[in-house]
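Participant: In my numbering, the protein residues as written are 170 to 463. Glycine is no exception: its CB is placed at the ideal position from the N, C-alpha and C atoms.
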């Protein structure tokens, strides 16, 4: 059995070895006779003794400030990346769609090769809309015309580009109007267990930087044409339009102007049509209809 004295000596050796290893891993530094008086970084600390660290003279306060800046930039970069991820997720997770194939719509995937064709011209117009929105120009964009002409695709392509190029600083939503109305009406049910309400959904549409109201008019055909449904539709759409008077909104519809005036009151249309650009699809065929040859 070892004596207590021998045990204590062994412990002392281990401690000395550990301390020696710690010291050997530390950067070699020593105080110098030089001092630092950097009035920008430490105006209240005068004559700070400089250290010699690995053969280089440094001021400990200036060095700490430098390391703090590096850490701050790293944190800011992580925050910006987080904002970008949230922006992408907002468009992906909170948009109300009926056609899931639209999620990845892009200008590149919108095939329009003939420069003389209406579909090609309208694609170029939407690219110009994108560039104008990127310059923070504010106006509503209306896409009128036939079903299946590509209005929804181009609108979602616009949102995807704004969301990605905005690098987390721009929020976008794409909302199918009839699905929007159904989603809000679900919150009225007695067994509704979600956290959303009519007010919270409308506020989300108001707050987003860029909004697509897709297939305006379809919601009136899909609901009972009674005064209650009409009042409800007008209430929701007017609240959104009124709240977005100083923001850009994209509206797609299969209806013409005269048909819109029959369905919606002048007050609502005045809000939606204020400062607008119109793109019409009158000649483009329905790209969703495929004729099978036997």
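Do residue 374 and residue 419 have their C-beta atoms within less than 8 Å of each other?
Facilitator: The sequence position of residue 374 within the chain shown is 205, counting from 1. The sequence position of residue 419 within the chain shown is 250, counting from 1. Not a contact, by the Cβ cut-off of 8 Å.
Participant: Please state the DSSP three-state secondary structure of residue 345.
Facilitator: Stepping through the chain shown from its first residue, residue 345 is reached at position 176. Residue 345 falls in the strand class under three-state DSSP.
Participant: DSSP beta-bridge partners for residue 313?
Facilitator: Locating residue 313 in the chain shown gives position 144, where the first residue counts as 1. Bridge partners of residue 313: 422 and 449.
Participant: With 16 other CB atoms within 10 Å as the buried threshold, where does residue 395 fall?
Facilitator: As a working note, residue 395 is residue 226 in the chain shown. Unreliable positioning characterises residue 395 in this predicted model, as indicated by a pLDDT of 36, which lies under 50. The coordinate reading is nonetheless provided below. Label assigned to residue 395: exposed.
Participant: Would you tell me roughly how many angstroms separate the C-alpha atoms of residue 439 and residue 410, rounded to the nearest one?
Facilitator: As a first step, residue 439 must be located in the chain shown, where it is residue number 270. As a first step, residue 410 must be located in the chain shown, where it is residue number 241. Going from the Cα of residue 439 to the Cα of residue 410 covers about 9 Å.
Participant: Excluding the 5 residues flanking residue 339 on each side, which residues of the same chain have their C-beta closer than 8 Å to its C-beta?
Facilitator: Working through the chain shown from its first residue, we reach residue 339 at position 170. Closer than 8 Å at Cβ, skipping near neighbours: 256, 331, 332, 378 and 379.
Participant: When the Cα of residue 280 is compared with those of 236, 306 and 319, which residue comes out closest?
Facilitator: Taking the chain shown and counting its residues from 1, one reaches residue 280 at position 111. Nearest C-alpha to residue 280: 319.
Participant: From the DSSP output, in three-state form, read off residue 376 for me.
Facilitator: For the purposes of this step, residue 376 is taken as the residue at position 207 of the chain shown. Three-state result, residue 376: helix.
Participant: So residue 324 and residue 312 are supposed to be a Cβ contact under 8 Å. How far apart are they, rounded?
Facilitator: As a working note, residue 324 is residue 155 in the chain shown. As a working note, residue 312 is residue 143 in the chain shown. Yes, residue 324 and residue 312 are in contact; Cβ-Cβ is about 7 Å, under 8 Å.
Participant: Specify, as a first and last residue, the run of the alpha helix (DSSP H) that residue 296 falls within.
Facilitator: Locating residue 296 in the chain shown gives position 127, counting from the first residue. Segment 287 to 303, the alpha helix (DSSP H) holding residue 296.
Participant: Please classify residue 443: does DSSP put it in a helix, a strand, or coil?
Facilitator: By 1-based counting over the chain shown, the position of residue 443 is 274. Looking at residue 443 - three-state DSSP - the assignment turns out to be coil, as it is neither helix nor strand.
Participant: Alpha carbon to alpha carbon, how far is residue 452 from residue 292?
Facilitator: In the chain shown, the residue the question calls residue 452 occupies position 283. In the chain shown, the residue the question calls residue 292 occupies position 123. In a straight line, the C-alpha of residue 452 is about 14 Å away from that of residue 292.
Participant: If I measure Cβ to Cβ from residue 206 and keep anything under 7 Å in the same chain, skipping five residues before and after, which residues do I get?
Facilitator: If you number the chain shown from 1, residue 206 lands on position 37. Correct list, in chain order: 215 and 216.
Participant: Cβ of residue 240 within 8 Å of Cβ of residue 210?
Facilitator: As a working note, residue 240 is residue 71 in the chain shown. As a working note, residue 210 is residue 41 in the chain shown. Contact flag unset, no.
Participant: Report the CB separation of residue 403 from residue 376 in whole angstroms; it is logged as a contact under 8 Å.
Facilitator: Locating residue 403 in the chain shown gives position 234, counting from the first residue. Locating residue 376 in the chain shown gives position 207, counting from the first residue. That belief does not hold up - the Cβ atoms of residue 403 and residue 376 are roughly 21 Å apart, past 8 Å.
Participant: Please return the same chain residues whose Cβ sits closer than 6 Å to the Cβ of residue 322, not counting the five positions on each side in sequence.
Facilitator: Your numbering for residue 322 matches position 153 in the chain shown. Within the same chain, residue 322 has close Cβ partners 274 and 279.
Participant: Mapping DSSP to helix, strand and coil, what is residue 367?
Facilitator: Position 198 of the chain shown, counted from the start, is the residue given in the question as residue 367. Of the three classes helix, strand and coil, the one that applies to residue 367 here is helix, per DSSP.
Participant: Residues in its own chain within less than 8 Å of residue 442 by CB, not counting five upstream and five downstream?
Facilitator: Taking the first residue of the chain shown as position 1, residue 442 is located at position 273. 309 and 311, listed in sequence order.
Participant: Could you give the first and the last residue of the continuous beta strand (DSSP E) run that contains residue 221?
Facilitator: Taking the chain shown and counting its residues from 1, the one referred to as residue 221 is at position 52. Note, residue 221: beta strand (DSSP E), 217 to 222.
Participant: State buried or exposed for residue 314, treating a residue as buried only when at least 16 other CB atoms are found within 10 Å of its CB.
Facilitator: Numbered from 1 along the chain shown, position 145 holds the residue referred to as residue 314. It is buried - the Cβ of residue 314 has at least 16 other Cβ atoms within 10 Å.
Participant: Is the beta carbon of residue 307 less than 8 Å from the beta carbon of residue 416?
Facilitator: For the purposes of this step, residue 307 is taken as the residue at position 138 of the chain shown. For the purposes of this step, residue 416 is taken as the residue at position 247 of the chain shown. Yes.
Participant: Figure out for me which residue from 354, 400, 367 and 413 has the closest Cα to the Cα of residue 381.
Facilitator: For this step, residue 381 is matched to residue 212 along the chain shown. Considering only alpha carbons, the answer is 413.
Participant: Thinking C-alpha only, which one of 408, 400 and 387 is nearest residue 425?
Facilitator: Taking the first residue of the chain shown as 1, we reach residue 425 at position 256. Considering only alpha carbons, the answer is 387.
Participant: By how many angstroms is the C-alpha of residue 429 removed from the C-alpha of residue 294?
Facilitator: Position 125 of the chain shown, counted from the first residue, corresponds to residue 294. Position 260 of the chain shown, counted from the first residue, corresponds to residue 429. One C-alpha to the other measures close to 23 Å.
Participant: Could you give the residue range of the alpha helix (DSSP H) that holds residue 333?
Facilitator: Numbered from 1 along the chain shown, position 164 holds the residue referred to as residue 333. Counting along the chain, the alpha helix (DSSP H) containing residue 333 begins and ends at 320 to 334.
Participant: Locate the beta strand (DSSP E) running through residue 227, then write down its first and last residues.
Facilitator: Residue mapping note: residue 227 aligns to position 58 of the chain shown, counting from 1. Where residue 227 is concerned, the enclosing beta strand (DSSP E) stretches over 225 to 227.
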